[in-house]
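Residue numbers (UniProt numbering): 1 to 782. See below for the structure under consideration.
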Amino acid sequence: MKSRTNLRLASFGGGGVRGLSQLEIMSNIMHRLNWENDLNDSQGILPYQHFDLIGGSGTGGLIAIMLAKLHMSADEAAEEFCTIIDHVFVPVDITPKERIDRLKSCVENMMKMKDLPLDMKLLDDAQSDSCTCFVVASFRNNVSSKICLRSYPVRSHQILPITVVEAALASCATVSLFDPVAVGTGRKRKEYIAASLGATNPIREVITEAHSLFGGESTVACLLSVGTGHPGIIALTSGQEDVDLNRAMRDIMNDCTQKAREVEDQIGQSGIYFRFSVDQGMQNNISNATDAAWIVTQTETYLEGQNRKLEALSKTGECLRNSISLNQLESSDIIISADKMSMNGNTVVLEEIGKIYQDNVVARLKPSDVQSTCPIDECMEGTREDILRTLLDWVADSGATNIFWLNGQAGVGKSAIAASLVEKLRDIARLGSSFFFQREKSDAMTTGALWRTVAYGLARQYPTLRKHFIAPLEANEALLTTVNIDKIFLKLIHDPLVAWEEVGEKGAVVVVIDALDECGGLDGQHSNHRINLMRTLKSWSMLPRRFKLVVTSRAEPDIVHLFSTIEHGSFEILSGKMVHPKSSEDIERFLEYHLGQIAARSHDALAPDWPGRPIIKWLAQLAAGFFIWADTVIRFLKRGEPREQLNRILGGASMGELAGLYSSILEASFVEPSEIVMESFHRIVGAIILAKEPLTASSLARLCSVDHSTLSYILNGLQSVVDSGDAIRFNHQSFVDFLLNPTECRSGFLIDLHRQTRYMTLQAGGGKDERWVEHRSLLQLP
Numbered sequence: 001m002k003s004r005t006n007l008r009l010a011s012f013g014g015g016g017v018r019g020l021s022q023l024e025i026m027s028n029i030m031h032r033l034n035w036e037n038d039l040n041d042s043q044g045i046l047p048y049q050h051f052d053l054i055g056g057s058g059t060g061g062l063i064a065i066m067l068a069k070l071h072m073s074a075d076e077a078a079e080e081f082c083t084i085i086d087h088v089f090v091p092v093d094i095t096p097k098e099r100i101d102r103l104k105s106c107v108e109n110m111m112k113m114k115d116l117p118l119d120m121k122l123l124d125d126a127q128s129d130s131c132t133c134f135v136v137a138s139f140r141n142n143v144s145s146k147i148c149l150r151s152y153p154v155r156s157h158q159i160l161p162i163t164v165v166e167a168a169l170a171s172c173a174t175v176s177l178f179d180p181v182a183v184g185t186g187r188k189r190k191e192y193i194a195a196s197l198g199a200t201n202p203i204r205e206v207i208t209e210a211h212s213l214f215g216g217e218s219t220v221a222c223l224l225s226v227g228t229g230h231p232g233i234i235a236l237t238s239g240q241e242d243v244d245l246n247r248a249m250r251d252i253m254n255d256c257t258q259k260a261r262e263v264e265d266q267i268g269q270s271g272i273y274f275r276f277s278v279d280q281g282m283q284n285n286i287s288n289a290t291d292a293a294w295i296v297t298q299t300e301t302y303l304e305g306q307n308r309k310l311e312a313l314s315k316t317g318e319c320l321r322n323s324i325s326l327n328q329l330e331s332s333d334i335i336i337s338a339d340k341m342s343m344n345g346n347t348v349v350l351e352e353i354g355k356i357y358q359d360n361v362v363a364r365l366k367p368s369d370v371q372s373t374c375p376i377d378e379c380m381e382g383t384r385e386d387i388l389r390t391l392l393d394w395v396a397d398s399g400a401t402n403i404f405w406l407n408g409q410a411g412v413g414k415s416a417i418a419a420s421l422v423e424k425l426r427d428i429a430r431l432g433s434s435f436f437f438q439r440e441k442s443d444a445m446t447t448g449a450l451w452r453t454v455a456y457g458l459a460r461q462y463p464t465l466r467k468h469f470i471a472p473l474e475a476n477e478a479l480l481t482t483v484n485i486d487k488i489f490l491k492l493i494h495d496p497l498v499a500w501e502e503v504g505e506k507g508a509v510v511v512v513i514d515a516l517d518e519c520g521g522l523d524g525q526h527s528n529h530r531i532n533l534m535r536t537l538k539s540w541s542m543l544p545r546r547f548k549l550v551v552t553s554r555a556e557p558d559i560v561h562l563f564s565t566i567e568h569g570s571f572e573i574l575s576g577k578m579v580h581p582k583s584s585e586d587i588e589r590f591l592e593y594h595l596g597q598i599a600a601r602s603h604d605a606l607a608p609d610w611p612g613r614p615i616i617k618w619l620a621q622l623a624a625g626f627f628i629w630a631d632t633v634i635r636f637l638k639r640g641e642p643r644e645q646l647n648r649i650l651g652g653a654s655m656g657e658l659a660g661l662y663s664s665i666l667e668a669s670f671v672e673p674s675e676i677v678m679e680s681f682h683r684i685v686g687a688i689i690l691a692k693e694p695l696t697a698s699s700l701a702r703l704c705s706v707d708h709s710t711l712s713y714i715l716n717g718l719q720s721v722v723d724s725g726d727a728i729r730f731n732h733q734s735f736v737d738f739l740l741n742p743t744e745c746r747s748g749f750l751i752d753l754h755r756q757t758r759y760m761t762l763q764a765g766g767g768k769d770e771r772w773v774e775h776r777s778l779l780q781l782p
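The following block contains the structure:
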C-alpha cells in the first residue's frame, strides 16, 4: 500500500436535530477554505473534493453520506436536513415505523434530486469517489456492537451489499424512535440500529478506518471533529411524547463530549486536530429543540468566538514539515519537537496551536447548565448613580478591603445594580467574572458551579492567568466533578490568583456575585451549598486586596454572621420609613418614564402627563424604596384599563408594603374564585415554586393535572407578577416570600408548601415509571 501525505479526515457525531448545527459549522469552514483559495462559494470546492475520508454516527452518518456520496455542499445539505427535521423529527405522534418510512422517503428524494439510482450501493464501483466515507451502526440483536458500513473495501471485512439509503437509515435508527433497518435475506438478513453509546462520536473510528485504508505511514494534515453541542444543550423534557427523544439526545451528546475531551487531551497540541461543537447558548431551551432558525442563530453566535481556530484550520492545506502519521494518531504517541512548522514559506508558531489547546481546556471550566449571560436588566439610565459611584470608588481604592457587601430587603433593586456594575466594570476592563444566583435554578447554581464559572471568566479575561487554571485541570480532570468545594476553591481560585500575584501583575480584578441569599434554593441557609459558600467567601477575604469581590444579598442570619467575622466594605439600601431621598427620586424617575409610555400608547385616551406629577410623587412615596413595587404597579396597569387599575392600587396601598400591593393584585385578578379555581391556583403556584428549572405551560398543566383553559386563566391573573415566556417563573422572589408567609398573605392565596409537596409526591407515585421520573426530574421533592 502506497502511503499518502496530508490526508484530511472529518468526523461527525450523533445528535438528532442538532445535526443542523454541524452543517452550519461545515458551511463556515468551507467558505473559509474557498476564500483561502480565491474561490467564491458558488464556484468553490465541495466537502467531498477537500476531504479524503468522512465518518459519521447517528445523524452525523447521514451527513457523511450527504457530503461524501451525494456530493452536496454544506448549504445544500443543510436545506435538506431542515426538510428532514420538519417531516421526521418535529411530529411527536407518529410510530417508529412511520418515522423510519418518512426518513427513507426524504433520503430517496435526495437521491432522485442527484440523479442517482435508489438501489445504488454504498460501495459502488461505478462511482469514482475522491472522498470515501463510512457510517457507524449496531446490530439489533447485539446493541453493544459497532459496525462500520463503508463505501470502500478493506482487507479485514467482506463487502456488505448495503445501499446508500439503507446505510443512511441504519445510522439514524435510534431504538424506540425508529424501527430497525433490515438488510439482506435468509441467513444473510441483518437488522441494523443506530450505534450504541461509545460510538456516538466516531473520531476514533475515523482514525482507525484511515489507518486501515491509507496505511499507518500516511500523514495527516487535518483531523476535523464536528459535534452537535454540549450535553447541557438538551435536558429531559417533561413531555411524555418527547422523553425518549430527548433522553437519547442527551445521552448521545454526553458520550460525544467525553470522547472529544479524551482525544483533545491526547492529540490536542498536535496542530492537526480541530474540534467544533456549540458549547453555550442552547441549554435548557426545550421549546426550541426543533426550531431550525434558533439552532442556526446559536451556532452563528458560537462561531463568532472561534475565529482563531477556524483560521488555523483553513491554513492546514499546505505541506507540513512535521507531519503526524496515522500510526502516531492511532497510538496517541505524538511528540512535537520543533518550535515551528513551515507552510509554503509562511510561519505558524506552535504557540498559536497552544492557544487553541488552552481555549479548549479552559472551556471545560464553564458548567454546561449555567447561563453565561446576565438574566437581569440594568438600572434605568440616570438612576442608582450614587450607589454605583460608591462601588466604583471602592474598586479604585487599592487600600480598601477586598470584599464589598451590598445589602437590602427583597425588591430594592440589588440585582439591577449588580447588572449595571458588571457592565461598567467591563467598560473599564476591571471585570473578572460574574455570577447571578437564581433560587429556582438551585440544582444547577451550586457553589461548585459558582467557582468554576468565576475561574472560567478569569481565564478568558486574563491571558497571563489562564496557565494557572490549566495546570490543575491537566493534573486532575476529576477536579471538575469533585464534591469537595474547598478543593475546588483552593485549586481553581486561591492558588491561581496567588501565583498570578507573585509575578507582579497589577490592577484591580473584580468579581460580582449577585443574590447570595438565593444560593441553596428552598433550603436556604440550611443547604450544604450555602454552608460551603459561606466558608469559601471567608477564604476569599484572605486573598491579596487587588482581587475584589462584590456580593449582593438580603441580610439573612448566616450572611450577617459571615460579614461580622471578616473585614469588608458595605452599603445598605434603605427602604420603608428609612428610605433615602435619592432612592425615592430614582423611583419617581422610573415611574414617570413608564407611565408616560402607557399614556403614549393609549391613543390620546390619556393625557400625555397622566396621571399627573402629584400622583407620581405619591406613588414614589408609596414605593418606599422598593423598585419591585413600582415595577409591579406598571405591570398591573398595563394589563387592564390604566385608570381603573390605578384606582385599585391607590385604594388599597400602604407605604412600603409589598404584601398590600400583592394582595390587591390577587383580589382584583381573582374575584370571588370558586373552590376549584383556588385548588388549581395552589397546585400551579406550588409547582412553579417547587420547579428545579422554570417549566413550560404544557409541563405545568400535566404536572398539576389541570386543563389548559384553567392554566391560562390562572396565569392570566398572575400576569403582573409572572414572566411567562417559553418557561414560567415569578418576576421576583418577594412574591414567593409573600405567598409562603401566613402573616403577610392572610387570604386563601396562602401557599402551604408542605401540602403542595405532599400532593406532588403522591402524584408522582412510587412505581418509578415515566410519571415518577418526570416529577422527580422536574420538581424538588423529598
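For each residue, glycine too, the CB sits at the ideal point set by N, CA and C. What you are looking at is a predicted structure, and each value in this text was computed from that prediction instead of being measured.
Exercise. To which residues does DSSP link tyrosine 273 through a beta bridge?
Worked result: Working through the sequence shown from its first residue, we reach residue 273 at position 273. Leu223, per the DSSP bridge assignment.
For this session: Use the C-beta contact count for methionine 113: other C-beta atoms within 10 angstroms, 16 or more gives buried, fewer gives exposed.
Result: One-based indexing of the sequence shown puts residue 113 at position 113. Exposed is the call here.
Exercise. Which residue comes first and which comes last in the beta strand (DSSP E) that contains asparagine 28?
Worked result: Translated into positions along the sequence shown, residue 28 becomes position 28. It is not in any beta strand (DSSP E) - asparagine 28 instead sits in the alpha helix (DSSP H) that spans 19–36.
Exercise. DSSP beta-bridge partners for aspartate 514?
Worked result: On the sequence shown, residue 514 is found 514 positions in, with the first residue counted as 1. Partner(s): Phe436.
For this session: Helix, strand or coil for arginine 308, going by three-state DSSP, please let me know.
Result: For the purposes of this step, residue 308 is identified with residue 308 of the sequence shown, where counting begins at 1. Residue state, collapsed to three classes: helix.
For this session: Between the Cα of arginine 735 and those of His31, Val706, Glu657, Pro581, spot the shortest distance and give me the residue it belongs to.
Result: Residue 735 sits at position 735 when you count from the first residue of the sequence shown. Residue identity check: residue 735 is phenylalanine in the sequence provided, not arginine. The residue with the shortest Cα to Cα distance from phenylalanine 735 is Glu657.
For this session: Tell me whether the beta-carbon of aspartate 663 lies closer than 8 Å to the beta-carbon of serine 747.
Result: Sequence index remark: in the sequence shown, residue 663 carries index 663 (1-based). Sequence index remark: in the sequence shown, residue 747 carries index 747 (1-based). Residue identity check: residue 663 is serine in the sequence provided, not aspartate. Taking 8 Å as the Cβ cut-off, serine 663 and serine 747 qualify as a contacting pair.
For this session: Would you list the residues sitting across from tyrosine 192 in a DSSP beta bridge?
Result: In the sequence shown, the residue the question calls residue 192 occupies position 192. DSSP output for tyrosine 192 lists Phe139, Val181 as bridge partner(s).
Exercise. What does histidine 157 pair with, by DSSP beta-bridge criteria?
Worked result: Locating residue 157 in the sequence shown gives position 157, counting from the first residue. According to DSSP, which records beta bridges pairwise, histidine 157 is partnered with Val154.
For this session: May I ask you to report which of helix, strand or coil DSSP gives serine 11?
Result: For the purposes of this step, residue 11 is identified with residue 11 of the sequence shown, where counting begins at 1. Looking at serine 11 - three-state DSSP - the assignment turns out to be strand.
For this session: To the nearest angstrom, report how far apart alanine 278 and leucine 595 are at their CA atoms.
Result: For the purposes of this step, residue 278 is taken as the residue at position 278 of the sequence shown. For the purposes of this step, residue 595 is taken as the residue at position 595 of the sequence shown. According to the sequence shown, residue 278 is valine rather than alanine. So the alpha carbons of these two residues sit roughly 42 Å apart.
Exercise. Is the beta carbon of serine 720 sitting closer than 8 Å to the one on isoleucine 649?
Worked result: Looking up residue 720 in the sequence shown gives position 720. Looking up residue 649 in the sequence shown gives position 649. In this structure, isoleucine 649 does not lie closer than 8 Å to serine 720 by Cβ.
Exercise. Given a threshold of 16 other Cβ atoms within 10 Å of its Cβ, counted over all protein chains shown, does asparagine 360 qualify as buried or as exposed?
Worked result: As a position in the sequence shown, residue 360 is number 360, starting the count at 1. Answer is buried; the Cβ neighbour count reaches 16.
For this session: Mind the definition here: the stretch 685–698 touches the stretch 746–763 only if three or more C-beta pairs lie below 8 Å; say whether that holds.
Result: yes
Exercise. If you pair each beta-carbon of the stretch 62–73 with each one of the stretch 125–140, do three or more pairs fall below 8 Å?
Worked result: yes
Exercise. Does the stretch 572–579 come close enough to the stretch 452–460 to have 3 or more Cβ pairs within less than 8 Å?
Worked result: no
Problem set entry | phenylalanine 626 (DSSP reduced to helix, strand or coil) | For the purposes of this step, residue 626 is taken as the residue at position 626 of the sequence shown. Correct three-state label for phenylalanine 626: coil.
Exercise. Hey, would you say alanine 74 sits closer than 8 Å to leucine 23, going by beta carbons?
Worked result: Here residue 74 is taken as the residue at index 74 of the sequence shown, counted from 1. Here residue 23 is taken as the residue at index 23 of the sequence shown, counted from 1. Contact flag set, yes.
Exercise. Below 8 Å, can you find three or more Cβ-Cβ pairs linking the stretch 400–413 to the stretch 543–553?
Worked result: yes
For this session: Go ahead and label leucine 20 buried or exposed: buried means 16 or more other beta carbons lie within 10 angstroms of its beta carbon, across all protein chains shown.
Result: Within the sequence shown, residue 20 is the residue found at index 20, counting from 1. Burial call: buried.
Problem set entry | Pairwise C-alpha distance: isoleucine 85 and leucine 303 | By 1-based counting over the sequence shown, the position of residue 303 is 303. By 1-based counting over the sequence shown, the position of residue 85 is 85. Those two C-alpha atoms are separated by around 22 Å.
Exercise. Does the Cβ-Cβ distance between glutamate 217 and serine 539 come in under 8 Å?
Worked result: Translated into positions along the sequence shown, residue 217 becomes position 217. Translated into positions along the sequence shown, residue 539 becomes position 539. Not in contact: glutamate 217 and serine 539 (Cβ atoms no closer than 8 Å).
Exercise. So what does DSSP say about arginine 643, is it helix, strand or coil?
Worked result: Taking the sequence shown and counting its residues from 1, the one referred to as residue 643 is at position 643. Arginine 643 falls in the helix class under three-state DSSP.
Exercise. Glycine 16 and phenylalanine 81 look like a contact to me (Cβ under 8 Å); what is the Cβ gap, rounded to whole Å?
Worked result: Reading the sequence shown from its first residue, position 16 is the one you call residue 16. Reading the sequence shown from its first residue, position 81 is the one you call residue 81. Not quite, the Cβ-Cβ distance comes to about 11 Å (not below 8 Å), so this is no contact.
Exercise. From what residue to what residue does the beta strand (DSSP E) around tryptophan 405 run?
Worked result: Against the sequence shown, residue 405 aligns to sequence position 405. Looking at the DSSP string, the run of the beta strand (DSSP E) that includes tryptophan 405 is 403–408.
For this session: Report the rounded CA-to-CA distance for arginine 8 versus valine 362, giving the unit in angstroms.
Result: The residue labelled residue 8 in the question sits at position 8 within the sequence shown. The residue labelled residue 362 in the question sits at position 362 within the sequence shown. Spanning the two alpha carbons is a distance of roughly 27 Å.
Exercise. So, cysteine 222 versus phenylalanine 274, is the Cβ gap smaller than 8 Å?
Worked result: Numbered from 1 along the sequence shown, position 222 holds the residue referred to as residue 222. Numbered from 1 along the sequence shown, position 274 holds the residue referred to as residue 274. Result yes, Cβ atoms of cysteine 222 and phenylalanine 274 sit closer than 8 Å.
Exercise. Along the chain, where does the beta strand (DSSP E) that runs through lysine 692 open and close?
Worked result: Walking along the sequence shown from the start, residue 692 turns up at place 692. Premise fails: lysine 692 is in no beta strand (DSSP E) and is neither H nor E.
For this session: On the DSSP bridge assignment, give the partners of aspartate 723 in chain order.
Result: To locate residue 723, count along the sequence shown from 1; it is residue 723. Per DSSP, Arg729.
Exercise. Are the beta-carbon atoms of arginine 466 and proline 367 separated by less than 8 Å?
Worked result: One-based indexing of the sequence shown puts residue 466 at position 466. One-based indexing of the sequence shown puts residue 367 at position 367. No, they are not a contact pair.
For this session: Give the single residue among Glu79, Asp41, Leu450 whose Cα lies nearest to the Cα of aspartate 369.
Result: To locate residue 369, count along the sequence shown from 1; it is residue 369. The option with the nearest alpha carbon to aspartate 369 is Leu450.
For this session: Starting from glutamate 572, trace the alpha helix (DSSP H) both ways and give me its first and last residue.
Result: Counting from 1 along the sequence shown, the entry for residue 572 is found at position 572. From DSSP, glutamate 572 is part of no alpha helix (DSSP H) but of the beta strand (DSSP E) over 569–573.
Problem set entry | Unbroken beta strand (DSSP E) run spanning phenylalanine 749, endpoints | Looking up residue 749 in the sequence shown gives position 749. That residue, phenylalanine 749, is in no beta strand (DSSP E); it is neither H nor E in DSSP.
Problem set entry | Whole-angstrom distance between arginine 643 and isoleucine 174, CA atom to CA atom | Against the sequence shown, residue 174 aligns to sequence position 174. Against the sequence shown, residue 643 aligns to sequence position 643. According to the sequence shown, residue 174 is threonine rather than isoleucine. Cα to Cα, the separation comes out at about 58 Å.
Problem set entry | leucine 522, DSSP secondary structure in three states | Here residue 522 refers to the residue found at position 522 when the sequence shown is read from its first residue. Residue state, collapsed to three classes: helix.
For this session: Output the distance between the C-alpha atoms of glycine 61 and glycine 13, rounded to the nearest integer angstrom.
Result: If you number the sequence shown from 1, residue 61 lands on position 61. If you number the sequence shown from 1, residue 13 lands on position 13. Taking the straight line joining both Cα atoms gives about 8 Å.
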